[in-house]
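If you read the protein sequences in the order shown, they are chains Y and H.
Each residue of the first sequence is one higher than the one before, counting from 40 in my numbering.
Each residue of the second sequence is one higher than the one before, counting from 8 in my numbering.
In this text, a Cβ means the ideal position worked out from N, Cα and C, and glycines have one as well.
Below: one structure, written as structure tokens.
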Amino acid sequence: MKTVTLTILRFNPETDREAAYREYRVDVEPTDRVLDALSKVKWYQDGTLTFRRSCAHGVCGSDAMRINGVNRLACKVLMRDVGDRVTIEPLMGFRVIKDMVVDMEPFFAQYRSVLPFMINDSRPPQRERLQSIADRERFDDTTKCILCAACTTSCPSFWANEEFVGPAAIVNAHRFIFDSRDEAAGARLDILNDREGVWRCRTIFNCTEACPREIRITKAIGEVKKAILYGSTAP
Amino acid sequence: MIHTHTYDALVVGGGGAGLMSAIYLSREPGLRTAVISKLYPTRSHTGAAQGGVCAALGNLEEDHPEWHMFDTVKGSDYLGDQDSIEVMCNEAVDVIIELEHMGLPFSRTEDGKIAQRPFGGHTHHFGQGPVRRSCYAADRTGHMILQTLYQNCIKNGVDFYDEFQVVDLLLSPDGRCCGVVAWHIDTGDLHVFHAKAVNFTTGGFGRIWSITSNAHANTGDGVAIALRRGIPLEDMEFYQFHPTGIYKLGILITEGVRGEGGVLRNDHGERFMERYAPTMKDLASRDVVARAISREIREGRGINGKKYVYLDATHLGADVIENKLPDIADFCRTYLGVDPVREPMPIQPTAHYAMGGIPTDIDCRVVTGPDNTVIPGFYAAGEVACVSVHGANRLGTNSLLDLVVFGRRSGLDMARFCKTADLPPLPENPTERIEATFARLLATEKGEPAAKLREEMQDVMQDHVGIFREGPGMEIALAKVRELQERYRSVLVLDKGKRFNTDLLEAWELGNLLDLAEVTTVSAINRTESRGAHMREDYETRDDVNWLKHTLVTRSDEGALDITYKPVTITRFQPKERVY
Ligand SMILES: Cc1cc2nc3c(=O)[nH]c(=O)nc-3n(C[C@H](O)[C@H](O)[C@H](O)COP(=O)(O)OP(=O)(O)OC[C@H]3O[C@@H](n4cnc5c(N)ncnc54)[C@H](O)[C@@H]3O)c2cc1C
Ligand code: FES
Numbered sequence: 040m041k042t043v044t045l046t047i048l049r050f051n052p053e054t055d056r057e058a059a060y061r062e063y064r065v066d067v068e069p070t071d072r073v074l075d076a077l078s079k080v081k082w083y084q085d086g087t088l089t090f091r092r093s094c095a096h097g098v099c100g101s102d103a104m105r106i107n108g109v110n111r112l113a114c115k116v117l118m119r120d121v122g123d124r125v126t127i128e129p130l131m132g133f134r135v136i137k138d139m140v141v142d143m144e145p146f147f148a149q150y151r152s153v154l155p156f157m158i159n160d161s162r163p164p165q166r167e168r169l170q171s172i173a174d175r176e177r178f179d180d181t182t183k184c185i186l187c188a189a190c191t192t193s194c195p196s197f198w199a200n201e202e203f204v205g206p207a208a209i210v211n212a213h214r215f216i217f218d219s220r221d222e223a224a225g226a227r228l229d230i231l232n233d234r235e236g237v238w239r240c241r242t243i244f245n246c247t248e249a250c251p252r253e254i255r256i257t258k259a260i261g262e263v264k265k266a267i268l269y270g271s272t273a274p
Numbered sequence: 008m009i010h011t012h013t014y015d016a017l018v019v020g021g022g023g024a025g026l027m028s029a030i031y032l033s034r035e036p037g038l039r040t041a042v043i044s045k046l047y048p049t050r051s052h053t054g055a056a057q058g059g060v061c062a063a064l065g066n067l068e069e070d071h072p073e074w075h076m077f078d079t080v081k082g083s084d085y086l087g088d089q090d091s092i093e094v095m096c097n098e099a100v101d102v103i104i105e106l107e108h109m110g111l112p113f114s115r116t117e118d119g120k121i122a123q124r125p126f127g128g129h130t131h132h133f134g135q136g137p138v139r140r141s142c143y144a145a146d147r148t149g150h151m152i153l154q155t156l157y158q159n160c161i162k163n164g165v166d167f168y169d170e171f172q173v174v175d176l177l178l179s180p181d182g183r184c185c186g187v188v189a190w191h192i193d194t195g196d197l198h199v200f201h202a203k204a205v206n207f208t209t210g211g212f213g214r215i216w217s218i219t220s221n222a223h224a225n226t227g228d229g230v231a232i233a234l235r236r237g238i239p240l241e242d243m244e245f246y247q248f249h250p251t252g253i254y255k256l257g258i259l260i261t262e263g264v265r266g267e268g269g270v271l272r273n274d275h276g277e278r279f280m281e282r283y284a285p286t287m288k289d290l291a292s293r294d295v296v297a298r299a300i301s302r303e304i305r306e307g308r309g310i311n312g313k314k315y316v317y318l319d320a321t322h323l324g325a326d327v328i329e330n331k332l333p334d335i336a337d338f339c340r341t342y343l344g345v346d347p348v349r350e351p352m353p354i355q356p357t358a359h360y361a362m363g364g365i366p367t368d369i370d371c372r373v374v375t376g377p378d379n380t381v382i383p384g385f386y387a388a389g390e391v392a393c394v395s396v397h398g399a400n401r402l403g404t405n406s407l408l409d410l411v412v413f414g415r416r417s418g419l420d421m422a423r424f425c426k427t428a429d430l431p432p433l434p435e436n437p438t439e440r441i442e443a444t445f446a447r448l449l450a451t452e453k454g455e456p457a458a459k460l461r462e463e464m465q466d467v468m469q470d471h472v473g474i475f476r477e478g479p480g481m482e483i484a485l486a487k488v489r490e491l492q493e494r495y496r497s498v499l500v501l502d503k504g505k506r507f508n509t510d511l512l513e514a515w516e517l518g519n520l521l522d523l524a525e526v527t528t529v530s531a532i533n534r535t536e537s538r539g540a541h542m543r544e545d546y547e548t549r550d551d552v553n554w555l556k557h558t559l560v561t562r563s564d565e566g567a568l569d570i571t572y573k574p575v576t577i578t579r580f581q582p583k584e585r586v587y
């Protein structure tokens, strides 16, 4: 056990006019997650500290936040890797509801805008649609997305213009555009060829670095750009 | 401020069971349906499921729904209802194909079909040896199911109330279900949802124990609300401990690791499962493997005498691990600093899955009493429910299957029901009860934090109502839980605000966990035999003469817990001794 200092950007809509930093000292094990440290503060020091969490092992996407200035899942970062003084702030670019809780509605609206579902109107066979291992591999990486918003809220193009559809939505479009069973790649590519679509991406790679699922997001965006340019999803 | 909404059908919960139900309801023209979920649906714990979902597709070798049925009945230690099990195994093939058509990206075989791998307790020819029955998408099958179902809900335009926590169930004066009360987490306003039919799909309650694979959100809200509204809970003594959780953290390491060939080893390096299950070895049923691990640890053969053994996958090679088990590898590297390609993983059993829950029939209608009286309009599906396909012990991959099969059946039956049913009247003052509860929680100025009470509950349940149980230990646990329930009356909520008050909600959830810990322990003390996951050291054998029956526990108006029973449905397979 050792004592660390968490500097947390707090905002309570019922009492505060603007956000302010508050310090908490808490005892942690080096193998504790940042989420464990936050929970200890909430449970034993200050019940008003508010953040989302559920799975606690990096698969549900609830607890993306800025930890020492970079977007991370609090449950996927260990205390031994962040030092004795840790700054914790909400994601940038969304309205803060309370402390680490931001309004996710605009994020999900962008996600829904890219037709994130399989479209195939031909009559399905009796059994499964066949897909080769190679065709399945083509979009494997982008199936991993947990919609945590770490990528979109790390993107300078998104900070500059909140209408930009953002990396997460493009990742979810990619997942279908390159699925050999899907028939609506054209419609999605049209949507992403829009003013607020893929061309806002300046290949800065922040998204790829922020992704807790290690999805090669910039590469995926590049593949979508290419597909728009060449009108084809062939590799 | 109280808001009122009127719908035909409500689905409470946005996990696998809830979303499948909603998809079927959304296909019904003119039917107004809403999904109410305390988490964004994609945050549901279904997304954490790893290993697979089973169906006798026979893509890689011969397989049949009858074999699957036999394995499930045997796995249940003959407590599962065989009519439900038959329905589930028969519909499995069709529902998996349907998921594929919805877009689910299953891993593939060389000839492009859905890939399958072996899993614990799944056999060919009625127990002759392992069979490849688990359909999977790498080791994130649950994630892909949850995503695919959510995507299809968006496609079908389902109405979602995200981050609305249901806190009460409404029954009309004539005993029909007529809606729910929900707390809008963002604003702290209460909403009354008035409807003809309500489906509870709120998942499990693994947070009763200290070492658990379950999410913080798995607090058994639906089960506890039902109990409070006079509905019995079935077979609550049967709770599954998964053999392989990460040491101390409880994070799950899928059985798929053993399905791919991983083996368990004790401190001597011995592959000890050969002693406990000569035929199935590391792929014996979960209760058997979890007990074997605990026994090794108790007899001093844990690694360096500590409370863990090794799960060894080092002989599988980097290719298998990186391609078929990438998330597992990531968990081990992130949380343990262990690379499973080169080192064995330290594991211990972890609280995992509730076989018991709200009793239902095969159409997911909630039933009460020994003769299964239906509560009109009330449904339950998924882990919250006990349609009793898992009996005393669930086989791996049968839960995801349960979600999609019974999620679908619940949607179909609710749609049928809503077409003819009228809207029952709401009770007077529908929010009265929950307002009183919240007012009490907020009024306390001096008391203990919820977290402290929760930890004490988790520790005592882990020590005495875990894998090995005996009467005196469980009595200690029961006394402790009742003491905690008493102390809970003055639990301290520090956040007195309305907006996003998770302090208040966590305290309310603790009340649910305590009630379920109590019912679990009372049911376990009462059952004086060993069966499936319920292993009593003071009653070591299964006793079919006295105990081949389901437990039903009801809370009386005075607050006491009453125990009654109902018979097990046995059709094809007569109870036999269980060896693997
Ligand atoms: C780590 C792990 C791995 C697993 N792997 C497998 C596997 O490989 N194969 C398999 O078959 N099974 C597996 N299981 C079991 C299986 O995943 C679960 O039993 C199943 O996903 C439960 O699904 P559900 O839809 O019933 O509930 P959940 O997915 O838990 O969803 C519950 C929903 O209810 C909502 N909710 C809860 N309370 C409220 C409330 N008060 N008001 C409003 N909404 C509420 C939540 O927001 C959530 O949307 C695994 C389980 C775990 C924990
Ligand atoms: S709590 Fe689920 S991703 Fe962190």
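Kindly give me the distance between the Cβ atoms of residue i and residue j, rounded to whole angstroms, as I take these residues to be in contact under 8 Å.
i	j	result
Met-464(H)	Val-500(H)	18 Å between Cβ atoms; not a contact.
Pro-582(H)	Tyr-85(H)	4 Å
Thr-181(Y)	Val-210(Y)	5 Å
Glu-105(H)	Ala-422(H)	About 16 Å; that fails the 8 Å criterion.
Cys-160(H)	Ile-30(H)	6 Å
Ala-320(H)	Glu-329(H)	Not quite, the Cβ-Cβ distance comes to about 12 Å (not below 8 Å), so this is no contact.
Would you say residue i faces chain H, with C-beta separation under 7 Å as the test?
i	result
Ser-93(Y)	yes
Cys-99(Y)	yes
Thr-44(Y)	no
Leu-112(Y)	no
Ser-171(Y)	yes
Val-80(Y)	no
Met-139(Y)	no
Gly-197(Y)	According to the sequence displayed, residue 197(Y) carries Phe and not Gly. Cβ-Cβ to chain H under 7 Å: no for Phe-197(Y).
Based on Cα-Cα distance, which residue from the options lies nearest to residue i?
i	options	result
Glu-303(H)	Ala-291(H), Ala-99(H), Glu-329(H) and Gly-276(H)	Gly-276(H)
Glu-202(Y)	Val-210(Y), Asn-211(Y) and Thr-192(Y)	Thr-192(Y)
Val-125(Y)	Val-141(Y), Ile-47(Y) and Ala-173(Y)	Ile-47(Y)
Met-143(Y)	Lys-120(H), Asp-70(H), Ser-83(H) and Arg-50(H)	Arg-50(H)
Tyr-317(H)	Gly-164(H), Thr-558(H) and Arg-272(H)	Arg-272(H)
Asn-221(H)	Gly-480(H), Asn-97(H) and His-359(H)	His-359(H)
Glu-235(Y)	His-213(Y), Ser-152(Y) and Asp-221(Y)	Ser-152(Y)
Asp-70(H)	Gly-54(H), Phe-133(H), Lys-120(H) and Gly-59(H)	Phe-133(H)
Glu-390(H)	Val-374(H), Ile-382(H) and Leu-408(H)	Leu-408(H)
Asp-71(Y)	Val-116(Y), Ser-101(Y), Arg-175(Y) and Cys-94(Y)	Val-116(Y)
Gly-418(H)	Pro-377(H), Ala-446(H), Ile-369(H) and Asp-466(H)	Ile-369(H)
Lys-505(H)	Lys-137(Y), Asn-107(Y), Arg-49(Y) and Ala-95(Y)	Lys-137(Y)
Ala-1(H)	Gly-58(H), Asp-175(H) and Thr-528(H)	Absent from the structure is residue 1(H), since the part of chain H shown begins at 8 and ends at 587.
Thr-194(H)	Asn-51(Y), Leu-45(Y), Thr-44(Y) and Val-43(Y)	Asn-51(Y)
Tyr-60(Y)	Glu-68(Y), Leu-186(Y) and Leu-45(Y)	Leu-45(Y)
Asp-551(H)	Arg-476(H), Ala-399(H) and Gly-454(H)	Ala-399(H)
Leu-268(Y)	Arg-252(Y), Glu-253(Y) and Asp-233(Y)	Asp-233(Y)
Are the beta-carbon atoms belonging to residue i and residue j less than 7 Å from one another?
i	j	result
Met-95(H)	Val-396(H)	yes
Pro-195(Y)	Ile-243(Y)	yes
Met-104(Y)	Pro-145(Y)	no
Phe-248(H)	Ile-532(H)	no
Leu-240(H)	Val-529(H)	no
Ile-192(H)	Phe-507(H)	yes
Give a yes or no on whether the minimum CB-CB distance between residue i and chain Y is below 7 Å.
i	result
Phe-171(H)	no
Phe-507(H)	yes
His-223(H)	yes
Asp-502(H)	yes
Lys-45(H)	no
Ile-161(H)	yes
List, from N- to C-terminal side, the alpha helix (DSSP H) runs of 4 residues or more that fit wholly inside the region 44-92 of chain H.
DSSP runs (the alpha helix (DSSP H)) wholly in the region 44-92 of chain H: 72-82.
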